Amino acid sequence: MIRIRNRRNRRLYHLLLWLVVFIFFAPVLWIMLGAFKTTDGILAIPPQFIFVPTFDNFIDLATRPNVSDYFVNSIVISVTAVTIAIAVAFMAAYAFSRFNPPGTDLIMFLLLSIRMVPAVAVVIPVFLMYSAFGWRNSFLGMTLFYAMFSIPFSVWILKGFIDGVSKRFDETALVNGGSRWHVIFRVVLPQVGPGLVAAFIFNLIFVWNEFLFNLILGGRDVTTIPVSFSTDLYSDGGVDWTFVASMTTVYMIPPIMTVYLFQRYLLVGMTFGTVRGEV
Amino acid sequence: MNAVEFHNVSKRYGRNTVIDSLNMAVEADSFTVIFGAPASGKSTLLRLLTGLEKPDNGHIIMRGEDVTAYSPAKRNIGYVPQSFALYPHYQVFDNIAYPLKLMGYSRQQVAPLVESTADRLKISHLLQKKPNQLSGGEKQRVAIARGIMKNTNIFVLDDPLTGLDFKLREQLFDDMREMQASLDATFIYTTSDALEVLMLAENVNILDAGKIIEAGAQEAIYSRPDHVRTMSLLGFPEANLLPGQIDHDSGQPCCQTKLFTFPVTLNQRANGHAQVRVGLRPQDIKIAPAADADLMVCDADITLVEDLGGELVIYLETNGEALTAMVSYAAGRALTEGHTRIGVHPSRFLLYADADGHNIGQGTVTNG
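Residue numbers (numbering that gives the first Met the number 0), protein chains in the order written: chain A, 0 to 278; chain B, 0 to 367.
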């Protein structure tokens, strides 16, 4: 840890940190400012930092055909897929944690390795499978795919949390007459709330941002916001920057708000429950 | 009638045999303590009893019925686990009421029962708190309250006082004896603390290396242990065990140790056993004794005096043997490190065969 004793040096240090933060945040800030500019304002050279804000871009966005569908698709697919994934992952994590079947470590590694495979390596086999099943351009297909992709990481996070809940809780409930379902849902589940929230948020952000599989497996009926950028990006022979800026701004609000509100759960999620007590 | 019986029960984990063809009977409505050193198999025994583990061999009989294949729920046992295992998302009231709620009792039915139990354990003021707001002693009382709430006649307490300070444990000893008497139920309690056995047990089962090596009334087992491990484990401070040899002096059997040679009476198990361990409780060694023709006396050096408050533990060395003695504070307050004389009544010597550890006789005063 860097220890800065001198007050002036400490100010310089903080200034440097703010500068780094600004550099990283600048593109986001730029696109958010762009959402409040006219087309000429966005493209003006030199760039405009002081301007009269306009809400025309948001009004245009709201009145465009399909934009509300993209939002509905994104919300419905991501929330449904992640909910299914968390439910399945919680049960699986409980089984791995409590019954510790032979090969648990290997299975856990294999589960996580699914997330290590580059998306482009599996997109063609999955495309062929979905074509054969007739699942392309369907809510069911997209939801199941994202649920499948979200389960491994969720199992990892939740197993860490469930491992942290003493087996004595389960045993006390069983001896007192509780069923295994009672133990899972009334004894363990309430104690791993932060883990569930962390797993939910991590996967929600992943599904919310996913582009490739929605582009390849999806279609007109299930287009999500990331893919809509590629389809609605151009107008009048050029890039429609006001659309990009306003759409991006609205698109970023849910994940930013979620991360802001639940950042303490993200910390425990990233440490697989090892700092659970901090929540 | 027995509340619980184990018939030839074994449990292995991999190659490790934790419970080895164990036979045990727990008398109904008794306070029975299962006592053994750490890792002797106590917790596994209770897990088999509660149904959390299934035995590899043998049968478990409860209330006259074979429950070996029964689930934990079906065995109808009240349970206090070793750790508190209080549900952090429930208030104390709901933790205590938990067994009854699982049995289908309504909150109205549960409330007076919880309140009376909480009152008995002096935790009424904690009912609205969450477990993370309680001290260790309070948590333990809540865990005991929850354990005894169940409407049943067999209660299992897995070393519930471990880690608590002595004063708190002493209070809980009284509470538990009182509860056992008022509930008129069988309490099965495990511990590795000899003091808890002496203060709590009506009956005691000594568990060693996965087997019950001795069982019976606590007073009888303490005063005349049948096995050298019982002699060694049960008592505070730990009993002295001296190597000895059985010999015959003018046709009368006697035992020779480095300190004393004394006449003995042998039982029918003594045949063929020459090498013995001579057991002697620290409380039976008299320091600087008054003249007594029956006492066997020898010189000793006091190496350390430990003050326990009301009693003194005295560490001695004599003829190359280390001994531990215990005397009251009044009797020993003038003692200092250095030379002294010690005396032992020969009848206090208990003889254990080196080969199998069983008692084969005891010292006696006169030849013949």
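From the three backbone atoms N, C-alpha and C, an ideal C-beta is built for every residue, glycine too. Source: prediction; values computed, not measured.
Coarse secondary structure for residue i, derived from DSSP in three states
i: V274/A; result: Here the model assigns V274/A a pLDDT of 49, short of 50, so the residue's position is not dependable, and the following value carries that caveat. Coil at V274/A, not helix or strand.
i: N69/B; result: The residue asked about is misnamed: residue 69/B is Tyr in this sequence, not Asn. Three-state result, Y69/B: coil.
i: H181/A; result: helix
i: Y86/B; result: coil
i: T222/A; result: coil
i: Q47/A; result: coil
i: F5/B; result: strand
i: D298/B; result: strand
i: L233/B; result: coil
i: G215/B; result: strand
i: Y264/A; result: helix
i: H272/B; result: coil
i: E305/B; result: strand
i: R62/B; result: coil
i: I76/B; result: coil
i: F35/A; result: coil
C-beta neighbour in chain A for residue i, strict 7 Å
i: T49/B; result: yes
i: L240/B; result: no
i: L101/B; result: yes
i: H226/B; result: no
i: A68/B; result: no
i: G367/B; result: Bear in mind that the predicted position of G367/B carries a pLDDT of just 42, short of 50, making it unreliable; the figure below should be weighed with that in mind. For G367/B, the answer is no, since every Cβ of chain A falls outside 7 Å of its Cβ.
Interface flag, residue i vs chain B, CB-CB below 7 Å
i: L260/A; result: no
i: R317/A; result: Any answer about residue 317/A is impossible in this case: the structure gives chain A only from 0 up to 278.
i: N312/A; result: With chain A covering 0 to 278 only, the question about residue 312/A has no answer from this structure.
i: F168/A; result: yes
i: V267/A; result: no
Per-residue burial, residue i [other beta carbons within 10 Å of its own, 16 or more giving buried]
i: L307/B; result: exposed
i: V71/A; result: exposed
i: L15/A; result: exposed
i: V240/A; result: Here the sequence assigns Trp to residue 240/A, which means Val is not the residue at that position. When all chains shown are included, W240/A counts as buried.
i: I150/A; result: buried
i: V274/A; result: With a pLDDT of only 49 at V274/A, under the threshold of 50, the placement of this residue in the model should not be trusted; the figure read from the coordinates follows. Exposed, by the Cβ-count rule.
i: S231/B; result: buried
i: L11/A; result: exposed
i: F237/A; result: Correcting the residue identity first, residue 237/A is Gly in this sequence and not Phe. Classification for G237/A: exposed.
i: Q217/B; result: buried
i: I58/A; result: exposed
i: L54/B; result: What sits at residue 54/B in the sequence shown is Pro, not Leu. Result: buried.
Amino acids of chain B, ordered along the chain, whose beta-carbon sits closer than 7 Å to that of residue i
i: S165/A; result: S82 and A84
i: Q47/A; result: By Cβ distance, chain B contributes nothing, its closest Cβ being about 54 Å from Q47/A, past 7 Å.
i: P189/A; result: H88
Neighbouring residues, chain A, relative to residue i (Cβ below 9 Å)
i: Y97/B; result: T171, A172, N175 and G177
Contact set between residue i and chain B, taken where Cβ atoms lie within less than 9 Å
i: V66/A; result: Ordered by position in chain B, no residue passes the 9 Å Cβ test against V66/A, which lies about 43 Å from the chain.
C-alpha distance - residue i paired with residue j, whole-angstrom precision
i: L32/A; j: I204/A; result: 23 Å
i: D300/B; j: T323/B; result: 11 Å
i: G57/B; j: D207/B; result: 18 Å
i: P189/A; j: I153/B; result: 30 Å
i: P281/B; j: I341/B; result: 11 Å
i: I183/A; j: Y97/B; result: 16 Å
i: I49/A; j: N213/A; result: 38 Å
i: Y264/A; j: G194/A; result: 7 Å
i: T189/B; j: L125/B; result: 27 Å
i: V326/B; j: V304/B; result: 10 Å
i: K36/A; j: P52/A; result: 6 Å
i: A88/A; j: T161/B; result: 37 Å
i: I156/A; j: A198/A; result: 6 Å
i: W207/A; j: S77/A; result: 6 Å
i: N22/B; j: N202/B; result: 15 Å
i: N56/A; j: I22/A; result: 26 Å
i: G146/B; j: I95/B; result: 8 Å
i: D225/B; j: V113/B; result: 43 Å
i: F172/B; j: L120/B; result: 12 Å
i: N5/A; j: P26/A; result: 33 Å
i: G362/B; j: G278/B; result: 10 Å
Proximal chain A residues relative to residue i, where beta-carbon distance stays under 7 Å
i: I76/B; result: V174
i: P71/B; result: L173 and V174
i: K149/B; result: N175
Interface partners of residue i on chain B, CB under 8 Å
i: V186/A; result: Y86
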